Every structure is written in C-alpha cells, then in structure tokens.
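Trainee:
Protein chains in written order, with this note's numbering: chain A, 48 to 383; chain B, 87 to 349.
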C-alpha cells in the first residue's frame, strides 16, 4: 500500500458518503436530479417547478445537516486525538476533561432558565464546556506529574458538573423541560440550520487550522513533558494551546449537535491504527475519518424505516464493538 | 584533542525538590571536546544535575552557562539547539517508528509546524546509516531490544545537531557486549563530531576508561573533580561509595577497580 493510499481512500469515501447522504432519505432524490440542482445553483440559475421541492430539500434541509455532520465529526475526532496526545493516554477523550458534562450543564441551564432556542442552548453549552476545561486546567496544572493531576482534576470537575446536571434534571419541569434536556443529551443533527453550520464552521475551521499548523509538536508532547522540553517545546504554552483549541472545536461540535458519544475515542483509535501515531498524518486523517464516520452514522439514523433515533445510540453501538474488534486484531498481530 | 575553552560552566548551583536540597554548591566546568563522567551512588544528584544543565529543572541559586550564555535566559528552542539529552529509557505510549523518533529531535529546527521535510528524512537516515541501524528505520521503537533502543536514542540526539550531549546512564540496561559497543560509539562520535559529552555512569571502570574528566558526587555535593588521571584513585572512590575498593592494572597499564572482596 502506498503511503498516501489511506488519504485517497478516505477522501473518496467522504465524497461517496456526501452523495449518499444528499440523495438518501424519506424524500428520494435521484443522482441526476442532484447533479441538475447543483449545476443550476452553481451557475446562479433558478430551478424550475419540477426541481423546486428537490432544491428546497437539498439546500435547506440536507446540505446543512451534511455539512454539520462533517464539521462535528472532524471536530470531535481531532479533539480526541489532541487530548490523547497531550495526556499521553489512548483512553482519554475530551469528555474526561469535563467538556461533555459542562456542555450538558450549560444546555440544561438554557432550557430551564433562559430559552429553548437553538442559539441560547448552543451558546450556553459552548460556554460551560469551555469553562469546565478551564476549571480542570486551573485545578490540575500543578504538582510534579501534571498529566496525572489534570486527569484527576478532569474526573473531579466532570463529576461536579454531572451532579449539577442531574440536579437540574431533577428540578426540571417533567413535561416542558426534562424531555428537551434528555433529547439534547442523546445528540442529533435533525434541527441543524444554516446559522448553526456557519457558527460551527468558523470555530471548527479556526481550531483545526491552528492545531494542524502546530501538529508536529504534538508528537513531542506525546513522549512526555521532559522529552518535549529537551527537544525545544515550551510545554506549558503548548499544553494550554492544544487544550484551548481542542476544547473549542469539541465544544463547537457538541453545542450544535448535543452529546455524540464515542466518536472522539473510536475515530482517534482507528485512525492511529491505519496511519500510525505521527500527528503530522494523524490529525488530517482523523478529521477526514471523523467526518466520514459521523456523516455515515447520521445518514443511517435518518433513513431507518422505523424513523429517526438519537445518533449517540448508533455511534455507541457501532463504536464500542468496532474498537473491541480492532483491539483484538491488534493484539493478535502483536502475538504473531 | 582537548582544547582549553570552557563550553559548560556551573557556578555555585543549588537545587531543591520542595524542601529537600538535592544539589548543593555545585561548581565545575567542562571544556569543548571532553567526555565528562558524573560518578556517585544512587540518589547522589547526578540525574538532577543533568536536568538542571538542560534547563528541565530550574536551579534555585547559582548560574549555568553554555558557550557563555546563561541557560536560565534561553528559550526552550535555543537550549534544544545547544544541548541534546539521551534519557536512561524512553517509555512510549504511542509506538512511533525509529525514523519518526529520530526526526522528532529536529523539531526545534523545523519551524513552528515541527514537521520534517524530505531532506530532513534523508539526513536522519544518514545518521542511522552512520550508526549501522538503518535497517531499523521502519521498525516500531517499542519492539526493539534494549541495545537497539539505546542506539536509536543516540541517533536521535545526533540528529538534534547540538554541540553538547547529555547521557543519563547510557549503559544501565545493557549486556556486557552492548555496554562496550555503546561506550565506544559515544567516544567515537564525541571525537569525530567535535561534541562535548557529559554522562552519568554507575561503573567506575567505564568512567575510568572513557572519560577525560570525572566529577564524583555524594549527597548532592561534589566530592572530587578533575581530569581522570588526577581523580581516578582508590581513596576518592572509597570516599564516594563508602566501601573498601582495590585497584589493579591491566596488561596495557590501564587502572581498574573492584570491591575489596572479603576472603
């Protein structure tokens, strides 16, 4: 296999998944129709009556959802790779450092006390996810073994936010607020609008670009603080940098789509197994892989004959066994 | 050939881990091209001293200068361009290949991205060839034997292209033959590449054979220091290790020591 083959294959898969996601659904759109609508749009022409419904479904419903799945998948996966790298732990995911429980707490605050509007929920979830990680850093960035204290601080902060979130659910109105909170925590891209996409696009693009620019330094961080220092990395600055941008992109992804479990952990693992641990290749590959994984999963939950189900259920059902299979395969290879 | 210019100078350096004083009033200098050995029992502060030289630990008082520049005032990148460190062992969570491991050492030269270019890969392969380990380039570091790992870490330090090599017990996990191979290699690269090498060692005989200068430490203080022939004698070693030692001579006249075994 050539060195760049995984990138060619995953890019081709992404293109196929985009076409599949745009055409499949309750309102069936043929490939030829898709082509006509796209060419008309690109040439600035208005589609005729025969294409009006297809055009509306594509541009107003499916395309924002597809773009959000790509953005959220890439953001969660890159976030997973970044946090695993700086924590030197393949079992760490952004949720370990409080992102998830912070976002749930923020979303619950918005739903109960402020507003159930998407903008309000998204902003609150984003703010509290970032605040939770900032708190983890403030508590954990001390002591001799910073990585261990950060992980412990992550567990502490996550637990506090989880308890606070549970309390909010307990006091929430069981008819008006509680279902909204529970539905949000199970994740989903069914309410995505262009506004959500644009907000996420700005944050995720800036975050992933910043991480990509400095991605070579992540290799050294993954060797440990002393190794990184010896080879010229300002570890304190690098840790803040990667935690900041890693949190921003994951929070942007989570706040728009709710909590989508397993994507960060599973995609980081699969990507590492395919292209190796070098972050120079791992970060871009994980971004593509995450986009494919979430887009495919979202399309599956959307076209289920029994109706749409929350995406986290499917990502967990696919993610956990797949990781188990890959680990068993890898262990077999080690024995051989 | 040893030149008379000091490249590393430590002046009255103290260091404490929290309240515990680990280094006390450390003063010495190493000249360009020398191999300097740090000898002493476990816990005497040898590794801490290496970490202070490399700026990983910040000394409480005193000054450390490299080529006349105060280490405390240098950025991490500047230190990495001056000093390369070979740790006792490297525990990798994610198993990088040997080539990737070596390339990482050039990160300070690669600019903000830290990503190696094609020329850098060729340069890293040349170093692996030089050490006769080019066949390991695509192997995973975690799959290598102790000796191979040590060779890779030395290759990595060479790729860093720094003038000073710090080695923390480079032969501690190696068998008899590998110890010899690694020490010969360290001497060869120090001489050929005009480096200055400072290393901690547990075996006084290895230090006596390969080092130009010896610094003997105990309880965080320097007990004896100077050129090898001036310092390497029974009295100094007995006072450092707190045991009786006998000295013998090989057929070539080189001195060696061993514990004074009881009959």
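Note that CB positions come from ideal geometry on N, CA and C, so glycine has one too. Keep in mind that this is a model prediction, so the values were computed, not measured.
Against chain B, does residue 262 of chain A count as a neighbour if the rule is that its beta carbon must be under 9 Å from one of theirs?
Mentor: Looking up residue 262 of chain A in the first chain gives position 215. Interface residue, yes.
Trainee: Kindly list the residues whose CB is nearer than 8 Å to the CB of residue 185 of chain B, restricted to its own chain and excluding five residues on each side of it in sequence; keep chain order.
Mentor: Indexing the second chain from 1 puts residue 185 of chain B at position 99. Excluding sequence neighbours, residue 185 of chain B sits near 207, 210, 211, 214, 223 and 224.
Trainee: Which residues, in order along the segment 172-206 of chain B, keep a beta-carbon less than 8 Å from a beta-carbon of chain A?
Mentor: Those would be 173, 176, 177, 178, 179, 180, 181, 182, 183, 186, 190, 191, 193, 194, 196, 198, 199, 200, 201 and 202, in chain order.
Trainee: Would you identify the three-state DSSP class for residue 106 of chain B, choosing helix, strand or coil?
Mentor: The residue given as residue 106 of chain B occupies position 20 in the second chain. Looking at residue 106 of chain B - three-state DSSP - the assignment turns out to be strand.
Trainee: How many Å lie between residue 325 of chain B and residue 340 of chain B at the Cα?
Mentor: Walking along the second chain from the start, residue 325 of chain B turns up at place 239. Walking along the second chain from the start, residue 340 of chain B turns up at place 254. The straight-line gap from Cα to Cα measures roughly 21 Å.
Trainee: Taking only the alpha-carbon atoms, compute the straight-line gap between residue 254 of chain B and residue 322 of chain B and give it to the nearest angstrom.
Mentor: Start at 1 with the first residue of the second chain, and residue 254 of chain B comes out as number 168. Start at 1 with the first residue of the second chain, and residue 322 of chain B comes out as number 236. Approximately 22 Å, taken between the alpha carbons.
Trainee: Against residue 163 of chain B, what residues of chain A qualify as contacts under a CB-to-CB distance less than 7 Å, listed in chain order?
Mentor: Numbered from its first residue, the second chain carries residue 163 of chain B at position 77. Under the 7 Å cutoff, chain A gives 279.
Trainee: Quick one: what's residue 206 of chain A bridged to in DSSP?
Mentor: In the first chain, the residue the question calls residue 206 of chain A occupies position 159. DSSP lists no partner for residue 206 of chain A.
Trainee: Mind listing which residues of the segment 321-354 of chain A have their C-beta closer than 8 Å to chain B's C-betas, in chain order?
Mentor: Taking 8 Å as the Cβ-Cβ cut-off against chain B, the residues of the segment 321-354 of chain A that qualify are 323, 324, 325 and 327.
Trainee: Beta-carbon within less than 8 Å of residue 268 of chain B's beta-carbon, same chain only, minus the 5 sequence neighbours each way: which residues are those?
Mentor: Residue numbering aside, residue 268 of chain B sits at position 182 when the second chain is read from its first letter. 233, 236, 237, 240, 256, 257 and 260.
Trainee: Any beta carbon from chain B within less than 9 Å of residue 271 of chain A's own beta carbon?
Mentor: Within the first chain, residue 271 of chain A is the residue found at index 224, counting from 1. Yes - at least one Cβ of chain B is within 9 Å of the one on residue 271 of chain A.
Trainee: Got a sec? Which residues, its chain only, sit under 7 Å from residue 290 of chain B by beta carbon, not counting five neighbours each side?
Mentor: On the second chain, position 204 is the one that residue 290 of chain B refers to. For residue 290 of chain B, where only same-chain residues beyond five positions count, the Cβ hits under 7 Å are 125, 323 and 343.
Trainee: Any beta carbon from chain A within less than 9 Å of residue 331 of chain B's own beta carbon?
Mentor: Here residue 331 of chain B corresponds to residue number 245 of the second chain, with the count starting at 1. Not closer than 9 Å to any Cβ of chain A, the Cβ of residue 331 of chain B fails to qualify, so no.
Trainee: Which word fits residue 345 of chain A, buried or exposed, when buried means at least 16 other C-beta atoms lie within 10 angstroms of its C-beta?
Mentor: Counting from one through the first chain, the residue named residue 345 of chain A turns up at place 298. Result: buried.
Trainee: In the structure shown, what three-state DSSP assignment does residue 89 of chain B receive?
Mentor: For the purposes of this step, residue 89 of chain B is taken as residue 3 along the second chain, with counting starting at 1. The predicted position of residue 89 of chain B is uncertain, since its pLDDT is 46 and thus under 50; no value can be drawn from it.
Trainee: Since residue 348 of chain A and residue 120 of chain A should fall inside the 8 Å C-beta cutoff, what is the C-beta to C-beta distance between them, to a whole number of angstroms?
Mentor: Within the first chain, numbered from 1, the residue matching residue 348 of chain A stands at position 301. Within the first chain, numbered from 1, the residue matching residue 120 of chain A stands at position 73. Going by Cβ atoms, the distance from residue 348 of chain A to residue 120 of chain A rounds to 13 Å, so no, they are not a contact pair.
Trainee: Can you pull the chain B neighbours of residue 135 of chain A, defined as C-beta to C-beta under 7 Å?
Mentor: If you number the first chain from 1, residue 135 of chain A lands on position 88. 179, listed in chain order.
Trainee: Can you tell which of A/332, A/356 and A/364 has its C-alpha closest to the C-alpha of residue 54 of chain A?
Mentor: Within the first chain, the letter at position 7 stands for residue 54 of chain A. Closest option to residue 54 of chain A, Cα to Cα, is A/332.
Trainee: Can you list, in chain order, the residues of its chain with a C-beta nearer than 7 Å to that of residue 293 of chain B? Leave out the 5 residues immediately preceding and following it.
Mentor: Numbered from 1 along the second chain, position 207 holds the residue referred to as residue 293 of chain B. Answer for residue 293 of chain B: 123, 125, 287 and 300, listed in chain order.
Trainee: Along the chain, which unbroken stretches of the alpha helix (DSSP H) at least 4 residues long are found entirely within the segment 224-252 of chain A?
Mentor: Entirely contained in the segment 224-252 of chain A, the alpha helix (DSSP H) runs reaching 4 residues are, in chain order, 225-232.
Trainee: What first and last residue would you give for the beta strand (DSSP E) that runs through residue 149 of chain B?
Mentor: The count along the second chain starts at 1 and reaches residue 149 of chain B at position 63. Here the beta strand (DSSP E) through residue 149 of chain B covers 147-152.
Trainee: Short check: CB of residue 204 of chain A to CB of residue 300 of chain A, under 9 Å?
Mentor: By 1-based counting over the first chain, the position of residue 204 of chain A is 157. By 1-based counting over the first chain, the position of residue 300 of chain A is 253. Contact: no.
Trainee: So what does residue 115 of chain B bridge to, in DSSP terms?
Mentor: Residue mapping note: residue 115 of chain B aligns to position 29 of the second chain, counting from 1. Paired residues: B/95.
Trainee: By how many angstroms is the C-alpha of residue 170 of chain B removed from the C-alpha of residue 313 of chain A?
Mentor: Within the first chain, numbered from 1, the residue matching residue 313 of chain A stands at position 266. Within the second chain, numbered from 1, the residue matching residue 170 of chain B stands at position 84. So the alpha carbons of these two residues sit roughly 36 Å apart.
Trainee: Whole angstroms is fine: what's the gap from residue 83 of chain B's alpha carbon to residue 270 of chain A's?
Mentor: Here chain B comprises residues numbered 87 to 349, so residue 83 of chain B is not present and cannot be evaluated.
Trainee: Just list the residues that DSSP pairs residue 345 of chain B with in beta bridges.
Mentor: In the second chain, the residue the question calls residue 345 of chain B occupies position 259. B/331, per the DSSP bridge assignment.
Trainee: Distance, Cα to Cα, residue 202 of chain A vs residue 154 of chain A?
Mentor: Position 155 of the first chain, counted from the first residue, corresponds to residue 202 of chain A. Position 107 of the first chain, counted from the first residue, corresponds to residue 154 of chain A. Cα to Cα, the separation comes out at about 20 Å.
Trainee: In chain B, which residues lie with their C-beta within 8 Å of the C-beta of residue 50 of chain A?
Mentor: For this step, residue 50 of chain A is matched to residue 3 along the first chain. Result: empty, since nearest Cβ-Cβ is about 11 Å, beyond 8 Å.
Trainee: According to DSSP, which residues form a beta bridge with residue 254 of chain B?
Mentor: Translated into positions along the second chain, residue 254 of chain B becomes position 168. DSSP lists B/286 as partners of residue 254 of chain B.
Trainee: Please look up how many angstroms separate the CB atoms of residue 342 of chain A and residue 116 of chain A, rounded, as I've assumed it's under 8 Å.
Mentor: If you number the first chain from 1, residue 342 of chain A lands on position 295. If you number the first chain from 1, residue 116 of chain A lands on position 69. Correct: roughly 4 Å between the Cβ atoms.
Trainee: Could you tell me the alpha carbon to alpha carbon distance between residue 147 of chain A and residue 177 of chain A, rounded to whole angstroms?
Mentor: As a working note, residue 147 of chain A is residue 100 in the first chain. As a working note, residue 177 of chain A is residue 130 in the first chain. Distance between the alpha carbons of residue 147 of chain A and residue 177 of chain A is about 10 Å.
Trainee: Buried or exposed: where does residue 345 of chain B fall if 16 or more other Cβ atoms within 10 Å of its Cβ makes it buried?
Mentor: Here residue 345 of chain B is taken as the residue at index 259 of the second chain, counted from 1. It counts as exposed.
Trainee: Beta-carbon separation of residue 192 of chain B and residue 246 of chain B under 9 Å?
Mentor: Locating residue 192 of chain B in the second chain gives position 106, where the first residue counts as 1. Locating residue 246 of chain B in the second chain gives position 160, where the first residue counts as 1. For residue 192 of chain B and residue 246 of chain B, yes; Cβs fall inside 9 Å.
Trainee: Out of B/102, B/264 and B/121, which has the shortest C-alpha to C-alpha gap to residue 280 of chain B?
Mentor: For this step, residue 280 of chain B is matched to residue 194 along the second chain. Out of B/102, B/264 and B/121, B/121 has the C-alpha closest to the C-alpha of residue 280 of chain B.
Trainee: Report the three-state DSSP secondary structure of residue 157 of chain B (helix, strand or coil).
Mentor: In the second chain, residue 157 of chain B corresponds to position 71, counting from 1. If DSSP states are grouped into helix, strand and coil, residue 157 of chain B belongs with the helices.
Trainee: Mind pulling the chain A residues with CB within less than 9 Å of residue 166 of chain B?
Mentor: Reading the second chain from its first residue, position 80 is the one you call residue 166 of chain B. Within 9 Å Cβ-Cβ: 276, 277, 278, 279 and 280.
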